[in-house]
Ligand code: ADP
Ligand code: MG
């Protein structure tokens, strides 16, 4: 067995152990690069990380400051490897063949260079570049192959550490519900619907509440949306207690902060799309124009159509636009796609996904398990109680959902 192979096995063990111990993403990256260098000593090792559509030097070893070396997608060795997801192997590196890469190593006598993708099963994070000078041996196929595997292993290992997920960036609680209880009385019959529900909503997230029909989802949404009152329990919105608010205060809370989207679109049939929207927008001082919000849901050209002149999916998009017009902090969507066919559902979910991306917090209620895959977090509800909360470390784009 070659020295390189021996090093390789040793390093695999160390990657598993030491990345697990890292306390933050930066530290895990640092450990990872150091482990690659342990297997293949090189004068330069750079981890390029994708941020805002460019590759930035995130962490490196070597006697040069790479801070200002930034590559656009597809540009230079680094940009090409990221875009193609294929390693580049320049065992005999000659200056003058790749201007972008030459610029990074200006004044340094590089003789051999490899660059491998840094990605796991979910994400293309960046790439790792190794360069050697005349002081050391050139890279070869074996080194390049193992380096590719190590980079992959490190990316997977980092991804598996709880709390290092760069995707989970929500830390501020917008709404907090504690021990919410609600029963309905019809004559002598009392139906207990909510038996102590606890849910936090984080600013910026898409929270999906999943539960079978009758589990109490709509009842809960109506209560935290200020349309119904709980028998007991506490609701705080931006730190302010709502459970003892007067009707008037609840109306203000709803009007100023909340947007609703329902399964049945609830559009007024005698008003056009833009009139339906303006009607709601005018309730608050600072609102968007109906043209703006119709643009956001891709329906500018339907502004003068009446609901009966729109398809189900289009009507639901108008109702999303209507929810957006007040610039709400929080949108509640109660089974927004239940009345729609599959293809139209995906269209509507994509619009909702964009709403969240543009900064609006959303709580979506559904009985469709597949929809949970696009959420940042999922709360499962059964028989009036929440019994499970999961963080989705890799939300799936709405267009990839299948049912
Ligand atoms: P989900 O939205 O999860 O389907 P709901 O919150 O709509 O569930 O309803 C949960 C249960 O509460 C159902 O059994 C329903 O019949 C009952 N319920 C809801 N609202 C009322 C009401 N106003 N009066 C009596 N029972 C109600
Ligand atoms: Mg319901």
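In the numbering used here, the protein residues as written are 941 to 1343.
All C-beta atoms in this analysis are idealised placements derived from N, C-alpha and C, irrespective of residue type, glycine included.
None of the values given here were measured: they were computed from a predicted structure.
Leaving aside the five residues before and after residue i along the sequence, list all residues of the same chain whose C-beta is less than 8 Å from its C-beta, in chain order.
i	result
residue 994	1010, 1011, 1012 and 1013
residue 988	995, 996, 997, 998, 1011, 1018, 1022, 1058, 1066, 1067, 1068 and 1069
Can residue i and residue j be called in contact, C-beta distance under 8 Å?
i	j	result
residue 1289	residue 1302	no
residue 1036	residue 1044	no
residue 1260	residue 1224	no
residue 1212	residue 1253	no
residue 1135	residue 1172	no
residue 1116	residue 982	no
residue 1050	residue 1071	yes
residue 1052	residue 1026	no
residue 1155	residue 1332	no
residue 1294	residue 1258	no
residue 903	residue 1256	Missing from the structure shown is residue 903; the chain here goes from 941 to 1343 and no further.
Between the options, which lies nearest to residue i when the distance is taken from Cα to Cα?
i	options	result
residue 1240	1070, 1214 and 971	1214
residue 1150	943, 1028 and 1312	1312
residue 1001	1022, 1020, 978 and 1018	978
residue 1329	942, 1317, 1294 and 1258	1317
residue 1325	1139, 1251, 1184 and 1250	1139
residue 1340	1304, 1287 and 1307	1287
residue 1184	1307, 1164 and 1297	1164
residue 1020	1006, 1126, 1079 and 1055	1055
residue 1060	1082, 1066 and 1092	1092
residue 1114	1097, 1343, 1131 and 1144	1144
residue 1081	985, 1169 and 1028	1028
residue 1299	1194, 1109 and 1282	1109
residue 1089	1066, 1057 and 1065	1057
residue 1297	984, 1280, 946 and 1315	1315
residue 1363	1249, 1268 and 1308	With the chain represented from 941 up to 1343, any question about residue 1363 goes unanswered, as that position is not in the structure.
residue 1148	1327, 1306 and 987	1306
residue 1024	1067, 1006 and 1031	1067
Is residue i close to chain B? Criterion is C-beta to C-beta, closer than 8 Å.
i	result
residue 1243	Here there is only one protein chain, and chain B is not present.
Alpha carbon to alpha carbon, how far is residue i from residue j?
i	j	result
residue 1189	residue 1179	15 Å
residue 1210	residue 1270	28 Å
residue 1204	residue 1320	23 Å
residue 1146	residue 1335	10 Å
residue 955	residue 963	14 Å
residue 1112	residue 1160	21 Å
residue 1086	residue 1022	18 Å
residue 980	residue 1062	27 Å
residue 1207	residue 1100	45 Å
residue 1069	residue 1018	7 Å
residue 1015	residue 1048	20 Å
residue 970	residue 999	7 Å
residue 1152	residue 1133	13 Å
residue 1247	residue 1232	19 Å
residue 1244	residue 1230	11 Å
residue 1242	residue 992	34 Å
residue 960	residue 1097	7 Å
residue 1131	residue 1338	36 Å
residue 990	residue 973	16 Å
residue 1197	residue 1166	11 Å
residue 1142	residue 965	22 Å
residue 1004	residue 1065	23 Å
residue 943	residue 1008	36 Å
residue 1033	residue 1282	53 Å
residue 1129	residue 1182	28 Å
residue 1162	residue 1187	14 Å
residue 1235	residue 1219	17 Å
residue 1195	residue 1169	16 Å
Residues in the same chain with beta-carbon distance under 7 Å from residue i, minus the five sequence neighbours each way, listed in chain order, please.
i	result
residue 1192	none
residue 1263	1199, 1200, 1201 and 1271
residue 1038	1016 and 1017
residue 1084	1027, 1029 and 1054
residue 968	959, 962, 1098, 1101 and 1104
residue 1267	1226, 1227 and 1228
residue 1031	1052, 1078, 1079 and 1080
With a CB to CB cut of under 6 Å and the five nearest residues on each side skipped, what residues in its chain are close to residue i?
i	result
residue 1221	1227 and 1265
residue 975	951, 954 and 955
residue 1343	1310
residue 1273	1201 and 1304
residue 914	This structure gives no information on residue 914, because the portion of the chain shown stretches from 941 to 1343.
residue 1177	1115
residue 1158	1274
residue 1119	1136 and 1173
At what residue ranges does the stretch 1184–1258 contain a whole run of the alpha helix (DSSP H), taking only runs of 4 or more?
1187–1197, 1213–1221 and 1230–1236
In chain order, which continuous runs of the beta strand (DSSP E) of length 3 or greater are located wholly inside the stretch 1129–1182?
1129–1142, 1146–1150 and 1172–1177
In chain order, which alpha helix (DSSP H) runs of at least 4 residues are fully inside the stretch 1003–1032?
1016–1024
Along the chain, which unbroken stretches of the beta strand (DSSP E) at least 3 residues long are found entirely within the stretch 1248–1325?
1270–1274, 1301–1306 and 1317–1322
Inside the stretch 1043–1082 only - beta strand (DSSP E) runs reaching at least 3 residues
1050–1059 and 1064–1073
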